[in-house]
Each structure stands twice: as structure tokens, then as C-alpha cells.
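Okay, so here's the structure we're looking at.
There are 4 protein chains.
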Amino acid sequence: MRNTEAVLEAAKKAFAELGVDAPMRDIAARAGVGVGTIYRNYPQRSDLIIAVFRRELDTTAEEAERLAAEYPPAEALRLWSESLARFVATKRGFASALHSGDPAYQPLPAQFLGILAPKVQSILDAGAADGTIRGGVSAEHLIHALSRLADDGPDDAAAAGPSMTDVLLDGLIVSPRSIEP
Amino acid sequence: MRNTEAVLEAAKKAFAELGVDAPMRDIAARAGVGVGTIYRNYPQRSDLIIAVFRRELDTTAEEAERLAAEYPPAEALRLWSESLARFVATKRGFASALHSGDPAYQPLPAQFLGILAPKVQSILDAGAADGTIRGGVSAEHLIHALSRLADDGPDDAAAAGPSMTDVLLDGLIVSPRSIEP
Amino acid sequence: MRNTEAVLEAAKKAFAELGVDAPMRDIAARAGVGVGTIYRNYPQRSDLIIAVFRRELDTTAEEAERLAAEYPPAEALRLWSESLARFVATKRGFASALHSGDPAYQPLPAQFLGILAPKVQSILDAGAADGTIRGGVSAEHLIHALSRLADDGPDDAAAAGPSMTDVLLDGLIVSPRSIEP
Amino acid sequence: MRNTEAVLEAAKKAFAELGVDAPMRDIAARAGVGVGTIYRNYPQRSDLIIAVFRRELDTTAEEAERLAAEYPPAEALRLWSESLARFVATKRGFASALHSGDPAYQPLPAQFLGILAPKVQSILDAGAADGTIRGGVSAEHLIHALSRLADDGPDDAAAAGPSMTDVLLDGLIVSPRSIEP
DNA sequence: AATGAATGAGTGTTCATTCAT
DNA sequence: TATGAATGAACACTCATTCAT
Chain D
1 MRNTEAVLEA
11 AKKAFAELGV
21 DAPMRDIAAR
31 AGVGVGTIYR
41 NYPQRSDLII
51 AVFRRELDTT
61 AEEAERLAAE
71 YPPAEALRLW
81 SESLARFVAT
91 KRGFASALHS
101 GDPAYQPLPA
111 QFLGILAPKV
121 QSILDAGAAD
131 GTIRGGVSAE
141 HLIHALSRLA
151 DDGPDDAAAA
161 GPSMTDVLLD
171 GLIVSPRSIE
181 P
Chain S
1 MRNTEAVLEA
11 AKKAFAELGV
21 DAPMRDIAAR
31 AGVGVGTIYR
41 NYPQRSDLII
51 AVFRRELDTT
61 AEEAERLAAE
71 YPPAEALRLW
81 SESLARFVAT
91 KRGFASALHS
101 GDPAYQPLPA
111 QFLGILAPKV
121 QSILDAGAAD
131 GTIRGGVSAE
141 HLIHALSRLA
151 DDGPDDAAAA
161 GPSMTDVLLD
171 GLIVSPRSIE
181 P
Chain A
1 MRNTEAVLEA
11 AKKAFAELGV
21 DAPMRDIAAR
31 AGVGVGTIYR
41 NYPQRSDLII
51 AVFRRELDTT
61 AEEAERLAAE
71 YPPAEALRLW
81 SESLARFVAT
91 KRGFASALHS
101 GDPAYQPLPA
111 QFLGILAPKV
121 QSILDAGAAD
131 GTIRGGVSAE
141 HLIHALSRLA
151 DDGPDDAAAA
161 GPSMTDVLLD
171 GLIVSPRSIE
181 P
Chain E
1 MRNTEAVLEA
11 AKKAFAELGV
21 DAPMRDIAAR
31 AGVGVGTIYR
41 NYPQRSDLII
51 AVFRRELDTT
61 AEEAERLAAE
71 YPPAEALRLW
81 SESLARFVAT
91 KRGFASALHS
101 GDPAYQPLPA
111 QFLGILAPKV
121 QSILDAGAAD
131 GTIRGGVSAE
141 HLIHALSRLA
151 DDGPDDAAAA
161 GPSMTDVLLD
171 GLIVSPRSIE
181 P
């Protein structure tokens with residue numbers, strides 16, 4: 001495509017302002033392109049969404065790798081969950097789309113998880129091996145849950161207390177404190 | 001309204017079959033009522049949704065009270081989370097609507113939490129008091145999170161491992177097992 | 001509907017100018033009405049088409065009755081075929097739609113034939129009884145064929161010779177001329 | 001054109017599967033060719049259609065010649081009408097296109113008749129000469145009519161009775177039976 | 001000559017919402 | 001109060017056709 005970059009840029013902005021269900025027409029107009037052009041290159045809306053977020057998604061995936069190398073598993077997982085939260089929180093409507101059941105978004109979860117799960121699974125496995133992370137939890141489930149919790153809570157959410165994400169991780173990570181009284 | 005009951009019953013069925021974003025027309029037709037009638041009594045869609053689920057929501061809230069009376073806080077919380085999951089899982093699209101940002105659903109979270117939070121807060125407070133539940137967590141946050149996790153995970157979700165809801169609660173509840181080796 | 005008449009009138013004109021596949025928008029605009037109004041009253045396009053032509057269709061059907069009463073079967077059939085031809089020839093695209101297979105028109109043939117066939121069948125039966133019309137031909141088949149032949153032939157069609165409709169009828173009617181040399 | 005054969009073959013298949021209004025893209029893709037290439041060689045869709053069916057059309061035309069040589073005119077005409085019916089019935093949407101009025105198909109009838117009419121006219125003339133076929137009927141009219149009747153009738157069409165095509169021919173052919181009581 | 005990316009008009013269809021009766 | 005007819009904005013999606021390469 002001649003204007004790949006323009007389309008992705010336009011879509012990114014549109015997604016940011018209107019959410020991932022922004023009208024195609026809108027995106028096309030921003031990109032100075034006909035709607036057909038977008039449909040040709042991204043037959044499914046989910047194709048466009050993934051393409052738009054692909055770079056950042058890859059970054060998030062690589063982050064998992066990097067953290068796994070630098071930190072012990074439990075710590076890596078905690079840090080990475082922030083990375084994921086940052087990603088999800090930024091994409092308006094992405095989380096909803098991910099879990100919506102709307103046929104337009106149907107391939108989304110698989111693609112999303114396909115990119116992230118393998119890297120995260122490594123961390124989980126390492127943690128299970130050294131006993132710092134509870135075993136038996138699949139990366140897919142965990143990412144799924146983390147992405148759900150990443151969206152804003154009630155308005156006064158920031159107010160106080162630990163984030164639910166942290167609580168979830170606390171339930172997953174075998175803290176030394178709890179086993180060594 | 002003359003036909004309050006008919007409308008609520010119709011809406012309940014429509015929500016069950018088509019999700020909470022079922023066409024108003026559809027609901028009105030099932031109730032044998034004009035759409036205008038519904039709009040008069042429930043100006044916002046969220047008003048209707050809450051009205052429809054009010055009874056069950058109250059039941060769920062009372063369940064919290066009952067469990068708090070019968071069980072120690074931690075146990076009560078675990079049991080109640082199942083109650084909530086049952087509620088959320090049954091209402092097609094309710095969870096999505098709850099967090100969607102769609103202006104049509106905007107008042108939904110507040111009303112939803114307004115009914116449930118006080119009762120749950122009691123459990124949390126009791127647990128914090130006797131040291132079995134980590135303090136500093138607001139009921140609103142927790143309910144918010146639990147309702148998000150109640151929706152289906154990836155397709156192979158049922159497969160194995162603990163549910164993310166359980167993991168979250170594990171992070172919240174100070175299990176005797178973990179402190180008494 | 002408040003504007004039934006306006007819609008039917010508008011549709012009739014639109015059909016005349018653009019054919020029975022005229023854009024709904026177009027029809028609505030001519031009628032000074034929203035598209036939704038048309039969809040509400042005529043969910044299927046074929047419903048609108050039949051409604052528009054209903055009066056003339058009924059007239060054509062009654063014509064069959066009248067002719068059957070006034071003329072011997074063979075003669076009545078010939079005269080009625082002209083009536084049908086007049087009807088079909090006036091409705092741009094009607095004949096095509098009738099046989100198109102397009103799902104939008106799917107119910108059309110049945111409705112069309114449902115109105116006309118019974119009356120014509122009476123003529124055929126009477127003719128078969130008195131030996132002036134070949135038996136074994138169903139009214140539905142015949143109408144189907146006549147409506148197909150009624151559309152314009154090649155441009156120079158009017159030029160000369162008997163119409164194909166007449167030839168078809170000649171094959172159907174046991175003319176006295178042919179048996180009495 | 002380099003790939004004339006591939007295009008015609010692809011178009012033929014596309015026409016068979018999707019009808020003569022198959023998307024150009026589709027045809028081009030099947031042929032492994034750019035759409036532009038098709039447009040260059042067949043500026044009008046009707047050009048492509050005729051080109052695709054040309055060979056079979058010629059066969060049908062030659063069939064007329066062959067039958068005229070082997071059989072008496074009336075018999076030849078009957079046999080040929082079957083040949084034509086076979087051709088028309090096989091080409092999805094061809095009959096509709098032939099009579100549709102859609103500008104895209106506008107030149108189609110003339111080209112179609114240009115190929116077939118001369119041969120059929122010979123049969124008609126011969127029949128008129130020896131008194132077995134009613135005179136005054138143009139081949140164009142007749143072919144036009146036959147091609148219209150070749151499409152399926154109502155669903156229960158096959159059920160019973162003579163085909164309308166046969167009836168038409170009965171009206172055209174001066175059967176010995178009818179003149180020799 | 002061939003390619004195929006790009007264009008964008010065009011259409012069916014759905015529904016929230018209003019308001020005359 | 002209740003009704004439900006009417007409105008019309010909104011959107012997805014398809015393709016014929018053009019034209020720069």
C-alpha cells in the first residue's frame with residue numbers, strides 16, 4: 001500500500017479519540033484515503049487494530065523477555081504487568097473489544113494472546129520451577145485477566161489501597177514473607 | 001405505570017436472549033407496550049437495566065449479609081464472590097455494559113455498586129479487623145474487579161488451573177495455611 | 001401509516017423511472033418520508049412492490065373474471081393476455097425482478113401468481129372442458145410465460161409479424177379454423 | 001493480450017459460479033491477471049460475456065445450420081430450440097442480463113442475436129416456403145422469446161404439462177395433424 | 001502492454017428518540 | 001398517560017473504474 005503509514009497513523013489517532021470502533025470512514029478521511037483502501041489491506045477491523053498496535057504490542061512482548069532476563073521471575077512478572085497495564089489503558093475500547101464477542105473483533109484475542117503469551121509463559125514456567133510463582137496457571141488466562149483489570153476502576157479508583165492487579169499477583173506469587181514466618 | 005411488571009419481565013427476557021443492548025422496540029413489543037411508555041419510565045437505558053436486575057441484585061446484596069452472619073469474613077467473601085459471578089455470568093452483556101464507557105450505560109456502575117458495595121464493605125471491614133483479609137481494599141474496587149473476572153476467559157478457560165477469581169482472592173485473604181507452616 | 005398514499009405514489013413513480021430496484025432512499029425522499037417509515041411498513045422490498053401494483057394487479061385479476069363471464073374461454077384468454085401484457089409492460093424491471101432469484105424479490109412470484117392464477121385457472125379449465133383450450137397447462141406456468149414474453153422484444157420489435165404472445169396462445173388454443181378447413 | 005485464453009477460461013468459471021455479473025476482480029484474480037488487463041481488452045462487460053460464450057454460441061449457430069440440412073424445417077426448429085435452451089439454461093444470469101436494461105449489458109442482445117439470427121432465419125424461411133412454419137415471424141423475435149422461456153418456471157414447473165416452449169412452437173408450426181383432419 | 005493499488009459513490013438496513021394523537 | 005408511527009443519522013461494505021508505475 002502506498003499510504004500504509006498514513007492509515008496506521010490515522011487509525012491510531014482515531015482509536016485514541018473514538019475508541020477502536022471508530023467509523024472506518026473517519027479513519028479513511030483522516031488518512032486522506034478512500035475507505036476501500038483500508039478494506040483492501042485490512043479486510044477485518046481486527047486486522048487494522050492489531051496492525052495499529054502491533055509495534056507497541058511487540059514492545060510489550062519484548063519487555064517480557066527483557067524483564068525475564070534481568071529479574072527473578074516473580075519480580076519480572078510484577079514489572080511486566082505494569083507494562084501490559086500501560087498498553088491496555090492507553091487503547092480506548094481495546095479491552096472491551098478484546099472480550100466483546102462482537103464478530104468484528106472475534107480474531108482479536110487470539111492474535112493478541114499469540115503475541116504475548118509465549119513470552120509470559122516463560123516467566124511463569126521459570127517462577128514455577130524455582131517455586132516463586134504458583135504453578136498451574138496458563139499465561140493466556142493470566143494475560144486475559146490482567147487486561148481486564150487494567151481498565152479504570154470506579155472513578156475514585158486512584159484514591160487508595162492496592163490495585164486489584166497487585167492483589168491478583170499477590171495471589172499468584174509465593175511471597176517469601178508468607179512462607180517464612 | 002400500568003404495566004410495570006410486564007415491561008420488566010419482557011426486558012429480562014430480551015436481555016437474556018439478546019444482551020442488555022437489546023432493541024427497545026423489541027422489549028416494548030414483548031411487553032405489549034409502546035416504546036414511549038418505556039422511555040417515560042426509564043429515560044435512560046441504564047435505568048431499565050438496573051430496574052430489571054434490581055431484585056436479583058438485592059438478593060446478591062442480601063447474600064453478602066447472610067454470609068457475613070454465618071461465616072468468618074474470609075470464607076464469606078469467597079462464597080459471596082461465587083454469588084456475584086453467578087449474577088454477572090447470567091446477564092448477557094451486563095459486564096461489558098458496566099465498563100463500556102458508552103454514555104447510554106454511564107450511570108450503571110454507580111447504581112450497581114451503590115447496591116452491593118455497602119454489604120461487601122462490611123465483610124471486608126470484619127476481615128480486616130480480625131486479620132484474615134488484607135486491609136485497605138475498597139469494596140467498590142473489589143466488586144469492580146470481580147465482575148470483570150467473572151466473564152469467560154479464553155475458550156480453553158475451563159481447562160485447568162485455578163480461576164483468576166480464586167487467585168485474586170488468594171491475594172486478598174490472609175490464609176492461615178500460608179502463615180502456619 | 002400516515003402517509004401510505006404518498007409512499008405508494010412515490011414508489012410508483014420511482015419504479016416507473018428507475019425500475020423496481022429503485023433505491024429506497026430515493027423513494028423515501030420523493031414521498032417526503034424517512035426511509036425507516038418505508039421499512040417499517042414494507043419490511044421486504046417485494047412487499048412494497050406488490051403494494052404499489054396491488055390495485056392494478058387486482059384489476060387485472062378481475063379482468064380475467066369479467067372476460068370469463070362474457071366470452072368463450074379461448075377468446076377470454078386471448079383478451080386477458082393483453083391485459084396482462086399491458087400490466088407487465090408498464091412496470092419497469094418488474095418482469096426481471098419476478099424471475100431474478102435475487103433474495104430481495106424472492107416472495108414476489110408467489111404473491112404475484114397468488115393473485116392472478118386462480119382466476120386464470122378458471123378460464124383454462126373452462127376451455128379444457130369445452131375442448132377449445134389444450135388441457136394440462138397450469139395457470140401458473142402460463143402466466144409465468146406470458147409475463148416473460150410481455151417485456152419488450154428487440155428494438156424493432158413492433159415492426160411486423162404476430163407477437164410471440166399470440167403465437168404462444170395459438171399453440172394453446174384449439175382454433176376452429178385449424179380443425180375446420 | 002498475452003493471456004487471452006486464461007482470462008476467458010477464468011471468466012467462464014466465474015460466470016458459471018457467480019453469474020454473469022461476477023466481480024471483475026474475481027475474474028482477474030482467477031486468471032492471474034490485473035483487472036486493468038481485462039478492461040483494456042473488454043471495455044464493456046458485455047464484450048467479455050460475448051467473448052466467453054462466443055464459442056458455444058457459434059456451436060449453437062452451427063447447430064442450426066446442421067439441423068436445417070438434416071431435417072425438415074419444422075423438425076429442425078424444434079430440435080434447435082432445445083439446443084438454445086441448453087445454452088441459455090447453462091449460463092447463470094445470462095438470460096436476465098440479456099433482457100435487463102442495465103447499461104452494462106446493453107450491447108448484449110444485439111451481439112447475441114447477430115450471431116444466431118441469420119441461421120435461424122434460414123430455417124424459418126424454408127419452413128415458410130414449404131408451408132410447415134407460419135410465415136411473418138422474424139428469427140430475432142423468436143430467439144428472443146425462446147431465450148426468455150428457457151429459464152425455469154415456477155418451482156413446481158417440472159411437475160406436468162407441456163413446456164411453454166413447446167406450446168410456443170406448436171403455435172408456430174403448422175402441424176400436419178391440424179390441417180389433415 | 002500489464003499491473004493492481006486506490007478511489008469513493010452508492011445502498012441496504014438498523015435503531016434511538018421524538019411527538020402528534 | 002400511553003401509543004407507536006415517523007424520523008433520519010449512521011455505518012459497513014462492495015465494486016466498477018481509473019491511472020501511476
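Protein chains in written order, with full-length UniProt numbering: chain D, 1 to 181; chain S, 1 to 181; chain A, 1 to 181; chain E, 1 to 181. All C-beta atoms in this analysis are idealised placements derived from N, C-alpha and C, irrespective of residue type, glycine included. Bear in mind the structure is a predicted one, so any value in this text is a computation, not a measurement.
Own chain, CB closer than 7 Å to residue i, minus 5 neighbours either side, in chain order
i, result
"A11(A)", "I27, L48 and V52"
"G127(E)", "P73, A74, L77 and I133"
"R30(D)", "A10, K13 and A14"
"A16(A)", "R92"
"E140(A)", "L113 and A117"
"K119(E)", "A61, A64 and E65"
Short Cβ contact (8 Å threshold) for residue i with residue j
i, j, result
"T4(E)", "S81(E)", "no"
"L84(A)", "I173(A)", "no"
"R148(E)", "A97(E)", "no"
"G171(D)", "G136(S)", "no"
"L168(S)", "A145(S)", "yes"
Extent of the continuous alpha helix (DSSP H) to which residue i belongs
i, result
"P118(S)", "L108 to D130"
"I27(S)", "M24 to A31"
"D58(S)", "R45 to E70"
"R134(S)", "Taken as a continuous stretch (DSSP letters only), R134(S) belongs to no alpha helix (DSSP H), as it is neither H nor E."
"K12(E)", "T4 to L18"
"R92(E)", "Neither: R92(E) is in no alpha helix (DSSP H) and is coded neither H nor E."
"H99(S)", "Note, H99(S): premise wrong, no alpha helix (DSSP H); not H, not E."
"G34(S)", "Neither: G34(S) is in no alpha helix (DSSP H) and is coded neither H nor E."
"V167(E)", "M164 to L172"
"A139(S)", "A139 to L149"
Straight-line gap, residue i to residue j (C-alpha atoms, nearest Å)
i, j, result
"I50(A)", "A68(A)", "25 Å"
"Q111(S)", "D58(A)", "59 Å"
"R40(A)", "G34(A)", "10 Å"
"T37(D)", "Q44(D)", "13 Å"
"L108(A)", "A117(S)", "58 Å"
"R54(A)", "E70(A)", "24 Å"
"P23(S)", "I143(A)", "43 Å"
"R25(S)", "V7(S)", "12 Å"
"H99(D)", "S100(S)", "11 Å"
"A129(A)", "A129(E)", "36 Å"
"T90(A)", "S163(E)", "26 Å"
"R86(D)", "G19(D)", "16 Å"
"S175(D)", "S138(D)", "19 Å"
"R2(A)", "D21(S)", "30 Å"
"G32(A)", "L79(E)", "55 Å"
"D102(E)", "D102(S)", "45 Å"
"V88(A)", "V88(E)", "23 Å"
Residue i: CB within 7 Å of a non-hydrogen atom of the ligand ATP
i, result
"E9(D)", "This structure lacks the ligand ATP, and indeed carries no ligand of any kind."
Cβ neighbours of residue i in the same chain (closer than 6 Å, five flanking residues each side left out)
i, result
"I115(A)", "L57 and A61"
"A104(E)", "R45"
"Y42(S)", "L48"
Residues near residue i by beta carbon distance below 8 Å, same chain, minus five either side
i, result
"G131(S)", "V174"
Report task. Pair every Cβ in the region 59-70 of chain D with every Cβ in the region 113-123 of chain D, then say whether three or more of these pairs are closer than 8 Å. Result -> Pairwise C-beta distances place the region 59-70 of chain D in contact with the region 113-123 of chain D, as three or more of them are shorter than 8 Å.
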